[in-house]
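Student:
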Amino acid sequence: MALRLGDIAPNFTAETNEGSIDFHQWLGTSWGVLFSHPKDYTPVCTTELGMVAKLKSEFDKRKTKVIAISVDPVDSHKGWIGDINETQSCTMNFPIIADPGKKVAGLYDMIHPNVDDTATVRSVFVIGPDKKIKLTLTYPASTGRNFAEILRVIDSLQLSAKHKVATPANWEPGQDCIISPAVKDEEIAALFPKGHRRVKPYLRYTPQPNQ
Ligand code: BEZ
Numbered sequence: 003m004a005l006r007l008g009d010i011a012p013n014f015t016a017e018t019n020e021g022s023i024d025f026h027q028w029l030g031t032s033w034g035v036l037f038s039h040p041k042d043y044t045p046v047c048t049t050e051l052g053m054v055a056k057l058k059s060e061f062d063k064r065k066t067k068v069i070a071i072s073v074d075p076v077d078s079h080k081g082w083i084g085d086i087n088e089t090q091s092c093t094m095n096f097p098i099i100a101d102p103g104k105k106v107a108g109l110y111d112m113i114h115p116n117v118d119d120t121a122t123v124r125s126v127f128v129i130g131p132d133k134k135i136k137l138t139l140t141y142p143a144s145t146g147r148n149f150a151e152i153l154r155v156i157d158s159l160q161l162s163a164k165h166k167v168a169t170p171a172n173w174e175p176g177q178d179c180i181i182s183p184a185v186k187d188e189e190i191a192a193l194f195p196k197g198h199r200r201v202k203p204y205l206r207y208t209p210q211p212n213q
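In my numbering, the protein residues as written are 3 to 213.
1) Could you tell me which of Cys179, Gln160, Pro175 and Asp74 sits nearest to Thr169, measuring between CA atoms?
2) Rounded to a whole number of angstroms, what is the C-alpha to C-alpha distance between Pro195 and Ile156?
3) Would you kindly check if the distance between the Cβ of His114 and the Cβ of Ala70 is under 8 Å?
4) Thr31 to Val123, Cα distance in whole Å?
5) Use the C-beta contact count for Arg206: other C-beta atoms within 10 angstroms, 16 or more gives buried, fewer gives exposed.
6) Considering only DSSP beta bridges, list what Ala100 is partnered with.
7) Give the single residue among Lys164, Ile135, Phe149 and Gly197 whose Cα lies nearest to the Cα of Asn13.
8) For Ser125, which beta-bridge partners are listed by DSSP?
9) Given a cut-off of 8 Å, decide if Val106 and Ala11 are closer than it, judged by their beta-carbon atoms.
10) I want to know whether the region 86–97 touches the region 49–61 - three or more CB-CB distances under 8 Å.
11) Work out the CA separation of Val128 and Ser182 for me, nearest whole Å.
12) Assuming Val68 contacts Phe96 under a Cβ cut-off of 8 Å, what Cβ separation, rounded to an integer in Å, is found between them?
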């Protein structure tokens, strides 16, 4: 069965270009992003990995570890990383899991046989420090992912993990947040000292609490 939000991210051991890992140990107490690539030496994946390498400091700021996975072996990853660095003007700075046996791809349901029965789709799993899955995304091989959006989602997830807020459509950090529907009107003043705006009984805004 497909993994759902709130499920524990399945643990596994795997080889990566940076050595072998136990996934949960590797995550430690950090947030994590696990994202799959159909295969090595493919053009869209090359641009995605270069982009994440260039955004690594943004993931670090959010105490979020990033790890990629592709069904090819470690030697292939190592050769491909040379091409990624050369063509994307970056230095790869996070591991790529080698999954030639498709063990991890199977655990995370990354192969969608009605599209392709050997390569993975572009899956994204954001995992919280409690090892629970907080977000899943599935893109086809032909569409490169928007990693600014993944950072934006992590900002929203981390905010709502600490404060009783949600974030509205197209929210960007610094903009007003929505007070959680579970918060009673009489609790608002204590929880949100920066003030609030009540548009409807169910639609109440407050400035971003942690800024
Ligand atoms: C790519 O990463 O460019 C790609 C991979 C598989 C199919 C199509 C594109």
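All C-beta atoms, glycine included, are put in the ideal place defined by N, C-alpha and C.
Please read these numbers as outputs of a predicted model, since none were measured by experiment.
Tutor: Result, derived from the coordinates:
1) Residue Cys179 is the option with its Cα nearest to Thr169.
2) Pro195 and Ile156 have their alpha carbons spaced roughly 24 Å apart.
3) The Cβ atoms of Ala70 and His114 do not sit closer than 8 Å to each other.
4) The alpha-carbon separation between Thr31 and Val123 amounts to approximately 28 Å.
5) Classification for Arg206: buried.
6) For Ala100, DSSP records a beta bridge to Glu17 and Ser72.
7) Among Lys164, Ile135, Phe149 and Gly197, the Cα nearest to that of Asn13 belongs to Ile135.
8) DSSP lists Thr140 as the beta-bridge partner residues of Ser125.
9) No, the pair does not count as a contact, with Cβ atoms beyond the cut-off.
10) They touch, by the three-pair rule.
11) Using only the alpha carbons, I get a separation of about 22 Å.
12) Indeed, because the Cβ distance is near 5 Å, the residues count as touching under 8 Å.
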